[in-house]
Amino acid sequence: MLLPAPPNSLVSVWKTPTSAWACIYRLVDIMSDTAYAYGTESTTMTGSTQNDLFTPATELNDDASIRIWIELGRGNATHDPVPGDILIIVDKTYGRVLSRHPAGHLILDNVSEYDTTNRPIPMRWKWLCTDTDYFIGFRNLDKPAFLGRDDSWNLVARATAQKGHENFMLVKQRGGYRIQSPHWYGFRPLSARADGAGVEVQESSGTQWGFIQASE
Numbered sequence: 320m321l322l323p324a325p326p327n328s329l330v331s332v333w334k335t336p337t338s339a340w341a342c343i344y345r346l347v348d349i350m351s352d353t354a355y356a357y358g359t360e361s362t363t364m365t366g367s368t369q370n371d372l373f374t375p376a377t378e379l380n381d382d383a384s385i386r387i388w389i390e391l392g393r394g395n396a397t398h399d400p401v402p403g404d405i406l407i408i409v410d411k412t413y414g415r416v417l418s419r420h421p422a423g424h425l426i427l428d429n430v431s432e433y434d435t436t437n438r439p440i441p442m443r444w445k446w447l448c449t450d451t452d453y454f455i456g457f458r459n460l461d462k463p464a465f466l467g468r469d470d471s472w473n474l475v476a477r478a479t480a481q482k483g484h485e486n487f488m489l490v491k492q493r494g495g496y497r498i499q500s501p502h503w504y505g506f507r508p509l510s511a512r513a514d515g516a517g518v519e520v521q522e523s524s525g526t527q528w529g530f531i532q533a534s535e
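At position 112 of the sequence shown (counting the first as 1) the number is 431 in this note's numbering, and the numbers step up by one without a gap.
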């Protein structure tokens, strides 16, 4: 659940028990203001498994790949993720997709460089949204590895379980999200490198990320 932001604020922090995921917010733009309204998301979840992992939600649309390519092309990464969702994580500034490459390296793939004609969505683009100890996690579907930090504090996708370095919080903004990573006694946002060669934790405002719901 996204808790209501204070009046005139466009940001609210997402951190809530799993039992409340059925109730979510959708961001609605009315004139030049932004209002939050409750809605329900039709999501298929089979529940948690060992280590609080979720089995993937099923996509009912047979033309899921076509829909996703269209949404990527239009920049419509507006899904509000909940645990159990399979997600495409999009850098909304440059229209790039967060991708796990060999050895767990993270690359921002440029969607415009791909032939979208009858092409399935690459598995390395797909991330299962998980929830452990009230924190969000992202597990890649190409290899069962979580987004997180290594011992040198580099952002990678190598861990086989969601622990401290694989925990994240989502901060909703107008038009997208910040992905926040624990950093000492606080949080810092994930920032996509301008050259697309990875993701960093920085003190700046970070990258605006979006999500598209996918299927296996």
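All residues carry an ideal CB built from backbone N, CA and C; glycine is no exception. Here the structure is a predicted model, which means the values were calculated and not measured.
message: Taking the alpha carbon of Asn429 as the reference point, which residue from Ala383, Thr435, Pro441, Val416 has its own alpha carbon closest?
response: What you label residue 429 is simply residue 110 of the sequence shown in a count that begins at 1. Taking only the C-alpha atoms, the option nearest Asn429 is Val416.
field: Under 9 Å between C-beta atoms of Ile455 and Met488
entry: Within the sequence shown, numbered from 1, the residue matching residue 455 stands at position 136. Within the sequence shown, numbered from 1, the residue matching residue 488 stands at position 169. Yes. Within cutoff.
message: In the DSSP output, which residue or residues are listed as bridge partners for Gln532?
response: Here residue 532 corresponds to residue number 213 of the sequence shown, with the count starting at 1. DSSP, once it has assigned bridges, lists Leu406 as partnering Gln532.
task: Round the Cβ separation of Arg438 and Leu447 to the nearest angstrom and send it over; I've been treating them as touching at under 8 Å.
output: Translated into the one-based positions of the sequence shown, residue 438 becomes position 119. Translated into the one-based positions of the sequence shown, residue 447 becomes position 128. The Cβ separation is near 21 Å, so there is no contact.
- prompt: How far does the beta strand (DSSP E) with Ser510 in it reach, from first residue to last?
  reply: Walking along the sequence shown from the start, residue 510 turns up at place 191. 505–511 is the extent of the beta strand (DSSP E) around Ser510.
query: Three-state secondary structure (DSSP) at Val475?
result: Position 156 of the sequence shown holds residue 475. Val475 falls in the strand class under three-state DSSP.
- request: Within its chain, find whatever has a CB closer than 8 Å to the CB of Arg512; leave out the 5 residues flanking it on each side and keep chain order.
  value: The residue you call residue 512 lines up with position 193 of the sequence shown. Cβ within range, chain order: Leu427, Val518, Glu519.
field: Test item: CB-CB of Arg468 and Ser500 under 9 Å
entry: On the sequence shown, position 149 is the one that residue 468 refers to. On the sequence shown, position 181 is the one that residue 500 refers to. Closer than 9 Å, so yes.
- prompt: Quick one: what's got a C-beta closer than 7 Å to Val383's C-beta in the same chain, skipping five residues either side?
  reply: Translated into the one-based positions of the sequence shown, residue 383 becomes position 64. Looking at the sequence shown, residue 383 is not Val but Ala. Cβ neighbours of Ala383 beyond the five flanking positions: Ala533, Ser534.
message: Suppose you measure from the CA of Ile389 to the CA of Leu460; what does that come to, to the nearest Å?
response: Your numbering for residue 389 matches position 70 in the sequence shown. Your numbering for residue 460 matches position 141 in the sequence shown. About 21 Å.
- prompt: Is the beta carbon of Phe530 sitting closer than 9 Å to the one on Tyr496?
  reply: Here residue 530 is taken as the residue at index 211 of the sequence shown, counted from 1. Here residue 496 is taken as the residue at index 177 of the sequence shown, counted from 1. Taking 9 Å as the Cβ cut-off, Phe530 and Tyr496 qualify as a contacting pair.
- request: Kindly indicate which three-state DSSP category Ile426 falls into: helix, strand or coil?
  value: Locating residue 426 in the sequence shown gives position 107, counting from the first residue. Ile426 falls in the strand class under three-state DSSP.
- request: Alpha carbon to alpha carbon, how far is Ile385 from Arg393? Give it in angstroms, no decimals.
  value: For the purposes of this step, residue 393 is taken as residue 74 along the sequence shown, with counting starting at 1. For the purposes of this step, residue 385 is taken as residue 66 along the sequence shown, with counting starting at 1. Approximately 12 Å, taken between the alpha carbons.
message: According to DSSP, simplified to helix, strand and coil, what is Glu485?
response: Position 166 of the sequence shown holds residue 485. Note: Glu485 maps to helix in three-state DSSP.
- prompt: Who are the Cβ neighbours of Gly525 in its own chain at under 7 Å, not counting the five residues just before and after it?
  reply: Looking up residue 525 in the sequence shown gives position 206. Arg497, Pro508, Leu509, Ser510.
query: Nearest to Thr451 by CA position, among Gln481, Met442, Gln492, Thr435, is which residue?
result: By 1-based counting over the sequence shown, the position of residue 451 is 132. Ranking the options by Cα distance to Thr451, first place goes to Gln481.
message: Let's test the definition: count the other Cβ atoms within 10 Å of the Cβ of Pro463 and tell me whether it reaches 16, buried, or not, exposed.
response: As a first step, residue 463 must be located in the sequence shown, where it is residue number 144. Its Cβ having fewer than 16 others within 10 Å, Pro463 is exposed.
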